[in-house]
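See below for the structure under consideration.
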Ligand code: BTN
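Residue numbers (our numbering): 2 to 241.
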């Protein structure tokens, strides 16, 4: 039975689909898997204090609500993992020849350019997750990104013969598939799939962490979402 996408809300314009989802959660009990998508956001949120700006009706802007009772708070990074894996799988079908990568912790890259990002807001209760709002922004049709010279969209990489609506529907099916696999307990497989597609895996790189930019070889991720790196011969786990 489909969970993610079982209920859908489309908004032509909204402040932020994540904020809208949080408001739904504060009012009633929205169904698990409710997807809120928008044509335009007046106040889109990125990681940290960043903004997420997107031209109207060009890109995928969506959030969905989960109640992942099977997941301990200490394992909340598995939400980032399954979402990134689902997006990578979706992209592999659209741009099979291109190097789709996950830039730890929450960015989707093609080569060294950013195609999208994930913003997860969890509300924790005791050692569990009461609810999660998962926001995804993916550049699809936009051609110009102003000063964001590192940004790229799907239509800049390949001729697209599918509509934005169809691409969004396919993405939601992938998200649902990966979420149900995770809830069935395939944690190790998902973590390893994420690690295999990490940008700089096995390579030396300068990685932004809570301790600043760290120079080392990227080895993988820990279950708590920290990145594992070999820094001058010492294996370290570093938070974002
Ligand atoms: C990032 O890379 O900084 C994360 C970007 C997440 C953007 C999406 S767009 C839909 C959802 N609503 C928001 O306000 N943000 C997320």
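Cβ atoms here follow ideal geometry from the backbone N, Cα and C, with glycine treated the same way. Nothing here was measured: the structure is a model prediction, and the numbers come from that model.
Buried versus exposed call for residue i [16 or more other C-beta atoms within 10 Å across all chains shown]
i, result
"residue 75", "exposed"
"residue 147", "exposed"
"residue 18", "buried"
"residue 227", "buried"
"residue 240", "exposed"
"residue 117", "buried"
"residue 105", "buried"
Candidates the options, of which the one nearest residue i by Cα
i, options, result
"residue 205", "195, 234, 227", "234"
"residue 143", "196, 236, 62", "62"
"residue 171", "89, 126, 197", "89"
"residue 43", "91, 241, 15", "15"
"residue 169", "107, 211, 105, 137", "137"
"residue 141", "154, 149, 134, 133", "154"
"residue 25", "163, 48, 202, 64", "64"
"residue 173", "216, 92, 105, 78", "92"
"residue 52", "32, 166, 149, 187", "149"
C-beta atoms of residue i and residue j nearer than 8 angstroms
i, j, result
"residue 11", "residue 83", "no"
"residue 122", "residue 152", "no"
"residue 40", "residue 57", "yes"
"residue 103", "residue 87", "no"
"residue 192", "residue 222", "yes"
"residue 214", "residue 207", "yes"
"residue 79", "residue 183", "yes"
"residue 97", "residue 112", "no"
"residue 49", "residue 8", "no"
"residue 159", "residue 66", "no"
Whole-Å CB distance - residue i paired with residue j, under 8 angstroms assumed
i, j, result
"residue 131", "residue 139", "The pair is not a contact, with the Cβ atoms about 27 angstroms apart (cut-off 8 angstroms)."
"residue 4", "residue 36", "10 angstroms between Cβ atoms; not a contact."
"residue 129", "residue 73", "6 angstroms"
"residue 47", "residue 120", "7 angstroms"
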